[in-house]
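*Asks:* Would you mind keeping the following structure in view while I ask a few things?
Protein chains: 2
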Amino acid sequence: MNEIREVIEGKAALLETGDAKAVLSHYADTYVEYTLAPPLRQPGDARDPAALAAWMATFQTPPHREVTQLEITTDGDVAFATSLDSLTATPRGATEGFTLWFRVTLGLRRIDGRWLVTHEHESVPFEMDGSFRASVTLRP
Amino acid sequence: MNEIREVIEGKAALLETGDAKAVLSHYADTYVEYTLAPPLRQPGDARDPAALAAWMATFQTPPHREVTQLEITTDGDVAFATSLDSLTATPRGATEGFTLWFRVTLGLRRIDGRWLVTHEHESVPFEMDGSFRASVTLRP
Numbered sequence: 433m434n435e436i437r438e439v440i441e442g443k444a445a446l447l448e449t450g451d452a453k454a455v456l457s458h459y460a461d462t463y464v465e466y467t468l469a470p471p472l473r474q475p476g477d478a479r480d481p482a483a484l485a486a487w488m489a490t491f492q493t494p495p496h497r498e499v500t501q502l503e504i505t506t507d508g509d510v511a512f513a514t515s516l517d518s519l520t521a522t523p524r525g526a527t528e529g530f531t532l533w534f535r536v537t538l539g540l541r542r543i544d545g546r547w548l549v550t551h552e553h554e555s556v557p558f559e560m561d562g563s564f565r566a567s568v569t570l571r572p
Numbered sequence: 433m434n435e436i437r438e439v440i441e442g443k444a445a446l447l448e449t450g451d452a453k454a455v456l457s458h459y460a461d462t463y464v465e466y467t468l469a470p471p472l473r474q475p476g477d478a479r480d481p482a483a484l485a486a487w488m489a490t491f492q493t494p495p496h497r498e499v500t501q502l503e504i505t506t507d508g509d510v511a512f513a514t515s516l517d518s519l520t521a522t523p524r525g526a527t528e529g530f531t532l533w534f535r536v537t538l539g540l541r542r543i544d545g546r547w548l549v550t551h552e553h554e555s556v557p558f559e560m561d562g563s564f565r566a567s568v569t570l571r572p
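Sequence order for the protein chains is A and B.
For what it's worth, my numbering labels the leading residue of the first sequence as 433, then goes sequentially.
For what it's worth, my numbering labels the leading residue of the second sequence as 433, then goes sequentially.
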């Protein structure tokens, strides 16, 4: 359980260092990825460090990620974890930063003795008032 | 694995019968729920059959749910499952129905010999073009 918590909190902390390879070292070679942005499911089987680095470079400094309300359920070599996370960043060219809160579910497997993320699902809900607006201003 | 698949496909099929209690019999007494609509996390510890029945009653007939690309990872008494699901329904008073595709992650635990859902995360992504629109027209 502690080991899994360290993976999850560790990779969140690594984001701020801007080291894309180090972040992705916590992911399995193939995994199922549901991101905040479309498509419904990422087509790639492995995350590309260059793509993650390029995304981080759209901000003045790499985003700060906070993991809250982390709950881990595990047995044997399988685990899933839920949390409410926030990302705080200032896009390049913007005068003000933002903090976005979103839901996170991770699926993990212990492979060759190491816990790796094999599934990641990140999302915000959307307003059911007919506007179909993503709910990007919610806080836990 | 087969037992877990039956729970997931069974509760999807049950939705169409309109039997809220039967659907919810596949859920543990307490679970973590991230729904399509706000808030970020449902505050209730247990889903209310009356609330589910009331939601189903907003449609001309109970929604039809389809589960696709189901992948299950399990060890011992813990499992997580990913899928892309669709909900097809016609709201009361509407002349046309809709089909909404969304991502689903389930966490399950075997409790007293029965697999039960202890976590459900349903979402659509949102457009990162500055519009913050929920992506409700995607298809797998």
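All residues carry an ideal CB built from backbone N, CA and C; glycine is no exception.
Look up Val455(B) in the DSSP assignment and say whether it is helix, strand or coil.
*Replies:* Correct three-state label for Val455(B): helix.
*Asks:* Is it the case that the segment 462-478 of chain A contacts the segment 495-511 of chain A, given that we only count it when at least three CB pairs across the two stretches are under 8 Å?
*Replies:* Contact between the segment 495-511 of chain A and the segment 462-478 of chain A is absent, because fewer than three Cβ pairs lie under 8 Å.
*Asks:* Would you identify the three-state DSSP class for Glu552(A), choosing helix, strand or coil?
*Replies:* Three-state DSSP puts Glu552(A) in a strand.
*Asks:* Please report how far the alpha carbon of Ala606(A) lies from the alpha carbon of Ala460(B), in whole angstroms.
*Replies:* As shown, chain A starts at 433 and ends at 572. That puts residue 606(A) outside it, with no answer to give.
*Asks:* Residues in its own chain within less than 6 Å of Ala454(B) by CB, not counting five upstream and five downstream?
*Replies:* Leu446, listed in sequence order.
*Asks:* Looking at Val510(A) and Thr506(B), is the spacing between their C-beta atoms short of 7 Å?
*Replies:* Result yes, Cβ atoms of Thr506(B) and Val510(A) sit closer than 7 Å.
*Asks:* Name the chain A residues that come within less than 7 Å of Val464(B), Cβ to Cβ?
*Replies:* By Cβ distance, chain A contributes Glu503, Thr514.
*Asks:* Considering just the uninterrupted stretch of the alpha helix (DSSP H) at Val609(B), what are its terminal residues?
*Replies:* Only positions 433 to 572 of chain B appear in the structure, and residue 609(B) is not among them; the question remains open.
*Asks:* Closer than 8 Å, Cβ to any Cβ of chain B: which residues of the segment 486-511 of chain A, in chain order?
*Replies:* Correct list: Gln501, Glu503, Thr505, Thr506, Asp507, Gly508, Asp509, Val510, Ala511.
*Asks:* Quick check on DSSP: helix, strand or coil for Ala486(B)?
*Replies:* If DSSP states are grouped into helix, strand and coil, Ala486(B) belongs with the helices.
*Asks:* Among Thr449(B), Leu502(B), Leu519(B), whose alpha-carbon lies nearest the alpha-carbon of Leu570(B)?
*Replies:* It is Leu519(B) whose Cα lies nearest to the Cα of Leu570(B).
*Asks:* Can you give the Cα-Cα distance for Ala513(B) and Pro572(A), rounded to whole angstroms?
*Replies:* One C-alpha to the other measures close to 25 Å.
*Asks:* For Phe530(B), which option in Val536(B), Thr537(B), Thr522(B) has the closest C-alpha, if you only look at C-alpha atoms?
*Replies:* It is Thr522(B).
*Asks:* For my contact list, Pro471(B) and Leu468(A) are in at a C-beta cut-off of 8 Å; report their separation, rounded to the angstrom.
*Replies:* Not really, about 17 Å apart at Cβ, beyond 8 Å.
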